[in-house]
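The sequence shown begins at 1 in the UniProt record's numbering and counts up by one.
Accompanying notes for the structure given below.
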Amino acid sequence: MTAEAMRAAMQRYIELVDAGDVDGILALYADDARVEDPVGTPPLIGRTAIERFYHKGLGRNKVHAHLTGPVRVAGNCAAMPFCIELEWDGQPCTIRVIDVMEFNEDGRFQSMKAYWGVDNLELR
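This is how it looks when you write it as structure tokens:
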């Protein structure tokens, strides 16, 4: 997979999160993918667990997402800094995140790790 194709997939992911398009997001993942969001929590493995995660996160909140810097590519992985704006316990907030995706041979996300914590949550 080319660096350009990985960058395009990462940009597409942000667009789909911003649109709340869970089906579109799931199409980017391999069937046996792993998601660790945030890093340090038990990983979600497989389409069913990942689908539940996105429906829960995007379904309850009006989420807006946008890149805050360029997508970086190394080997079969890509990383990107971005912000998510949403309501956290009824309070508008922004979360600054860095996602790292590992791509499989088919160009789909094999794994996603989201680096963020409470220090990255800004109440508005």
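Backbone N, C-alpha and C define an ideal beta-carbon position, used for all residues, glycine too.
This structure is a prediction, so every number in the text was calculated from the model and none was measured.
Just to confirm the assignment, what range does the beta strand (DSSP E) spanning residue i have?
{"i": "V31", "result": "For the record, residue 31 in the displayed sequence is Asp; it is not Val. Note, D31: beta strand (DSSP E), Y29 to E36."}
{"i": "V73", "result": "R72 to A74"}
Checking the sheet assignment: what are the DSSP bridge partners for residue i?
{"i": "Y115", "result": "I98"}
{"i": "V39", "result": "T41"}
For residue i, collect the residues of the same chain with a Cβ closer than 8 Å to its Cβ; drop the 5 residues on either side in sequence, then sort them by chain order.
{"i": "N120", "result": "I95, R96 and V97"}
{"i": "Y54", "result": "V22, I25 and L26"}
{"i": "E51", "result": "V22 and L26"}
{"i": "A33", "result": "I45, G46, R47, I50, R108, F109, Q110, S111 and M112"}
Work out the CA separation of residue j and residue i for me, nearest whole Å.
{"i": "A114", "j": "P42", "result": "12 Å"}
{"i": "V118", "j": "V73", "result": "27 Å"}
{"i": "V71", "j": "G90", "result": "31 Å"}
{"i": "K62", "j": "I84", "result": "10 Å"}
{"i": "E4", "j": "D99", "result": "17 Å"}
{"i": "G40", "j": "W116", "result": "10 Å"}
Contact defined as beta carbons within less than 8 Å: I believe residue i pairs with residue j. What is the distance between those atoms, to the nearest angstrom?
{"i": "R47", "j": "D31", "result": "5 Å"}
{"i": "A79", "j": "V17", "result": "With 8 Å as the limit, A79 and V17 do not qualify as a contact, their Cβ atoms being about 16 Å apart."}
{"i": "M1", "j": "F103", "result": "5 Å"}
Would you kindly report the start and end of the unbroken alpha helix (DSSP H) that includes residue i?
{"i": "M10", "result": "A3 to A19"}
Looking only at its chain, what residues have a beta carbon closer than 6 Å to the beta carbon of residue i, apart from the 5 residues adjacent to it on each side?
{"i": "G69", "result": "P81"}
{"i": "E36", "result": "P43 and K113"}
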